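S.K.: One structure, as structure tokens, below. Some questions next.
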Amino acid sequence: MSKKEWRFRTRAVHAGEQPDSVTGAAAPSIVPSTSFVTHEGDTGFTIEESLETAPFLYAREGNPNVRQLEVKLASLDGGETAVAFGSGMAAGVAMFWHFLKPGDHLVASDVCYVGVAEYMRKTLPRFGVEVTPVDLSDLDLLRAAFRPNTKMVFAETPANPILRLTDIRAVAEIAHERGVRLVVDSTFATPAVTLPLQLGADVVAHSLTKYLNGHGDAMGGVVIGSRADLKGLREEGVAHGGAILSPFSAWLILRGLVTLPIRMRAHSENAMQVARFLESHPAVSRVIYPGLASHPQHELARRQMQHPSGMLAFQTPDGPATARKFAKKLEVFHYTVSLGHHKSLIFYISTSELQSHSFQLDPQALARYRSFAGDGVFRVSVGLEDPEDLCADLAQALA
Ligand SMILES: *Cc1c(COP(=O)(O)O)cnc(C)c1O
């Protein structure tokens, strides 16, 4: 059987890893060296783009741990190549500048990760890129947003923090009819849940900091796609941009990825139980979870997501008061930001703060956001603990 035919869990374990050719070590070693001795009498500094053949010379241009990680990530998402970065934001910023230039127009999810939302609205326009934020769950709004200079559609699905979904296949078709590239931030889903490239997206981006590492102890980001599309991204974004992933973080994330398929199944099962518990709790006014029949896009979730993932959102009548109770009383959950850890995390996201700092939605878009979030939502990243303990912890804190 060739490696190309390996199934998903086999690739999660084996892709990118082979025994050390000198020592025979079966597990990857961490290689912190900044320089790699060459015996070829090299005299130049070309940056090799190929993951398979590049020799190493200077660590900003390539490192064995980062290379192993990139091969595994490309394999899991079914892309030809992958370029890893020191954070999800670094990957996103490098990706924007790789595909866009002054005078270009970007159509992007109006609701997405706050760092990306702010960068799109505050920084890209300063350098001459026009940005139109759109609710990509409405295909008519998407169709109306294109201009002659539109070069990219950027979708985040499920979208942070309201778990609104984008139909990747439908959006890819609409974008491609107009010769426009579709990039998907699939951080909330991971390749164990959705394979955007298979659904027609051209490029997929992830924060590695979340589920892909899965243990809350390393930051990273990645961009995955075809060699032709990503040609030059490593040189410009990593070697010149300097946004490298450290060998130690790459080693941790590589190790985390081995259990991604079984973790995502367990996160999803736990989240389903927590979502059902919250939906039946009298102090909770609304639960948003793609796995629940009450999610407005539940049918799309069933088509596009192999598991509903571990992220959910819920409302209580007085969010800020509940947030103060949670921060004091929760014992299993950590009241904090971020997501995708083995531990359960919860954080309140106020609609008015998000609107004034990050989203700046027009009145119609704000009404659409509020139809999911009301005055604010608790964003919950359901971890790998026993779900009965998670529900009991929420019950005692809500009491
Ligand atoms: C966290 C996150 C990012 C940014 O990643 P960092 O690793 O924190 O820089 C981008 N997109 C989504 C959807 C995220 O959740």
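The numbering used here numbers the first residue of the sequence shown as 789 and each following residue consecutively. Where is the CB? At the ideal position from N, CA and C, for every residue including glycine. Computed from a predicted structure; not experimentally measured.
#1: Quick check on the DSSP output: what are the complete alpha helix (DSSP H) runs of length 4 or more inside the segment 996-1067, in order along the chain?
#2: Out of curiosity, what's the CA-to-CA distance linking V790 and T798?
#3: What whole-angstrom Cβ distance do V895 and L930 have, given they're in contact under 8 Å?
#4: Would you kindly work out how many angstroms separate the C-alpha atoms of S1144 and K910, rounded to a whole number?
#5: Does the beta carbon of G1009 fall short of 7 Å from some heavy atom of ligand 1?
#6: Should Q806 go down as buried or exposed, given a rule of 16 or more other Cβ atoms within 10 Å for buried?
#7: Quick check: Y901 and D955, are their CB atoms within less than 8 Å of each other?
#8: Verify the CB distance criterion: does G1079 have a CB-CB separation below 8 Å to chain D?
#9: List the DSSP bridge partners of H893.
#10: Closer than 7 Å: is that where the CB of F976 sits relative to any heavy atom of ligand 1?
#11: Give every residue of the same chain whose Cβ lies closer than 7 Å to the Cβ of D1005, excluding the five residues on either side of it in the sequence, and list them in chain order.
#12: How should P1151 be labelled, buried or exposed, when 16 other C-beta atoms within 10 angstroms of its C-beta is the threshold for buried?
#13: Report the rounded CA-to-CA distance for V871 versus S1037, giving the unit in angstroms.
#14: Assuming L847 is part of the alpha helix (DSSP H), what are its boundary residues?
#15: With distances taken Cα to Cα, identify the nearest neighbour of F844 among V859, S821, V991.
#16: Just reading off the beta strand (DSSP E) that T1165 is part of, what are its end residues?
#17: Which ranges would you report for the alpha helix (DSSP H) in the segment 1075-1160 if only whole runs of at least 4 residues count?
#18: Where does P1070 land, buried or exposed, given buried means 16+ other C-beta within 10 angstroms?
#19: Within the continuous beta strand (DSSP E) that includes L970, where are the two ends?
#20: Could you spell out where the alpha helix (DSSP H) holding A870 opens and where it closes?
#21: Which same chain residues, not among the five before or five after Q1061, have their C-beta less than 6 Å away from its C-beta?
#22: Does any heavy atom of ligand 1 sit closer than 7 Å to the C-beta of K998?
#23: Taking 7 Å as the cut-off, is the beta-carbon of S875 closer than that to any non-hydrogen atom of ligand 1?
#24: Ends of the alpha helix (DSSP H) at I962?
#25: For I1050, does the count of other Cβ atoms within 10 angstroms reach 16, so buried, or fall short, so exposed?
#26: For A1115, which residues of its own chain have a beta-carbon under 8 Å away from its beta-carbon, when the five flanking residues on both sides are left out?
#27: Can you tell me where the alpha helix (DSSP H) holding W885 begins and where it ends?
#28: Using a threshold of 8 Å, state whether the C-beta atoms of V854 and V1046 are closer than that.
#29: Quick one: residues in its chain with C-beta nearer than 6 Å to the C-beta of F1166, no 5 flanking neighbours on either side, listed in chain order?
#30: At a threshold of 7 Å, does L1178 count as lining ligand 3 (C-beta to nearest heavy atom)?
#31: Do the segment 847-866 and the segment 879-890 touch if we need at least three Cβ pairs shorter than 8 Å?
#32: DSSP beta-bridge partners for V992?
#33: In the DSSP assignment, find the alpha helix (DSSP H) that holds L1182 and state where it starts and stops.
#34: Should K998 be labelled buried (16 or more other beta-carbon atoms within 10 Å of its own) or exposed?
#35: In chain order, what residues of the same chain lie with their CB nearer than 8 Å to the CB of Q1148, ignoring the 5 residues before and after it?
#36: If R957 and V899 are in contact, beta carbons under 8 Å, what's the gap, nearest whole angstrom?
M.R.: The short version:
#1: 1015-1018, 1035-1046, 1048-1067
#2: The residue given as residue 790 occupies position 2 in the sequence shown. The residue given as residue 798 occupies position 10 in the sequence shown. The sequence shown places Ser at residue 790, not Val. Computed Cα separation, rounded: 12 Å.
#3: Within the sequence shown, the letter at position 107 stands for residue 895. Within the sequence shown, the letter at position 142 stands for residue 930. V895 to L930, Cβ: 7 Å. Contact.
#4: Mapped onto the sequence shown, residue 1144 falls at position 356. Mapped onto the sequence shown, residue 910 falls at position 122. Their Cα atoms are separated by approximately 13 Å.
#5: Locating residue 1009 in the sequence shown gives position 221, where the first residue counts as 1. Checking the Cβ of G1009 against ligand 1 gives yes.
#6: Counted from its first residue, the sequence shown places residue 806 at position 18. By the 10 Å Cβ count, Q806 comes out exposed.
#7: Stepping through the sequence shown from its first residue, residue 901 is reached at position 113. Stepping through the sequence shown from its first residue, residue 955 is reached at position 167. In this structure, D955 does not lie closer than 8 Å to Y901 by Cβ.
#8: Note that chain D does not occur in the displayed structure, where there is just one protein chain.
#9: One-based indexing of the sequence shown puts residue 893 at position 105. Beta-bridge pairing links H893 to E918, T938.
#10: Your numbering for residue 976 matches position 188 in the sequence shown. Yes; taking the cut-off as 7 Å, the Cβ of F976 has a heavy atom of ligand 1 nearer than that.
#11: To locate residue 1005, count along the sequence shown from 1; it is residue 217. Cβ within range, chain order: L1040.
#12: What you label residue 1151 is simply residue 363 of the sequence shown in a count that begins at 1. So P1151 ends up on the exposed side.
#13: Indexing the sequence shown from 1 puts residue 871 at position 83. Indexing the sequence shown from 1 puts residue 1037 at position 249. Going by the C-alpha atoms only, they are around 15 Å apart.
#14: Reading the sequence shown from its first residue, position 59 is the one you call residue 847. Position check: residue 847 holds Ala in this sequence, whereas Leu was assumed. Secondary structure note for A847: it is in no alpha helix (DSSP H), with a DSSP letter that is neither H nor E.
#15: Against the sequence shown, residue 844 aligns to sequence position 56. The shortest Cα separation from F844 among V859, S821, V991 belongs to S821.
#16: Translated into the one-based positions of the sequence shown, residue 1165 becomes position 377. What sits at residue 1165 in the sequence shown is Val, not Thr. Element bounds for V1165: 1164-1169.
#17: 1086-1092, 1107-1117, 1139-1142
#18: Translated into positions along the sequence shown, residue 1070 becomes position 282. Exposed, since its Cβ has fewer than 16 Cβ neighbours within 10 Å.
#19: Counting from 1 along the sequence shown, the entry for residue 970 is found at position 182. Counting along the chain, the beta strand (DSSP E) containing L970 begins and ends at 969-973.
#20: As a working mapping, residue 870 is identified with position 82 in the sequence shown. Unbroken run through A870 is the beta strand (DSSP E), 869-873; no alpha helix (DSSP H).
#21: As a first step, residue 1061 must be located in the sequence shown, where it is residue number 273. Excluding positions up to five away in sequence, the list reads P1175.
#22: To locate residue 998, count along the sequence shown from 1; it is residue 210. Yes, Cβ of K998 sits closer than 7 Å to a heavy atom of ligand 1.
#23: On the sequence shown, residue 875 is found 87 positions in, with the first residue counted as 1. Within the cutoff, so yes.
#24: Indexing the sequence shown from 1 puts residue 962 at position 174. Where I962 is concerned, the enclosing alpha helix (DSSP H) stretches over 956-965.
#25: Here residue 1050 refers to the residue found at position 262 of the sequence shown. Of the other Cβ atoms in all chains shown, fewer than 16 fall within 10 Å of the Cβ of I1050; this residue is therefore exposed.
#26: For the purposes of this step, residue 1115 is taken as the residue at position 327 of the sequence shown. Correct list, in chain order: Y1123.
#27: Looking up residue 885 in the sequence shown gives position 97. It spans 876-887 - the alpha helix (DSSP H) in which W885 sits, taken as one unbroken run.
#28: Counting from 1 along the sequence shown, the entry for residue 854 is found at position 66. Counting from 1 along the sequence shown, the entry for residue 1046 is found at position 258. No; because the gap between Cβ atoms is not below 8 Å, this pair is not in contact.
#29: Within the sequence shown, numbered from 1, the residue matching residue 1166 stands at position 378. The residues are F1102, I1134, Y1136.
#30: Ligand 3 is absent from the structure shown, which contains only ligand 1.
#31: no
#32: Position 204 of the sequence shown, counted from the first residue, corresponds to residue 992. Paired residue(s): V972, I1012.
#33: In the sequence shown, counting from the first residue as 1, residue 1182 sits at position 394. Segment 1175-1186, the alpha helix (DSSP H) holding L1182.
#34: Locating residue 998 in the sequence shown gives position 210, where the first residue counts as 1. With 16 or more Cβ atoms within 10 Å of its Cβ, K998 is classed as buried.
#35: By 1-based counting over the sequence shown, the position of residue 1148 is 360. Result list for Q1148: R909, in chain order.
#36: Taking the sequence shown and counting its residues from 1, one reaches residue 957 at position 169. Taking the sequence shown and counting its residues from 1, one reaches residue 899 at position 111. With a Cβ gap of about 20 Å, R957 and V899 do not count as contacting.
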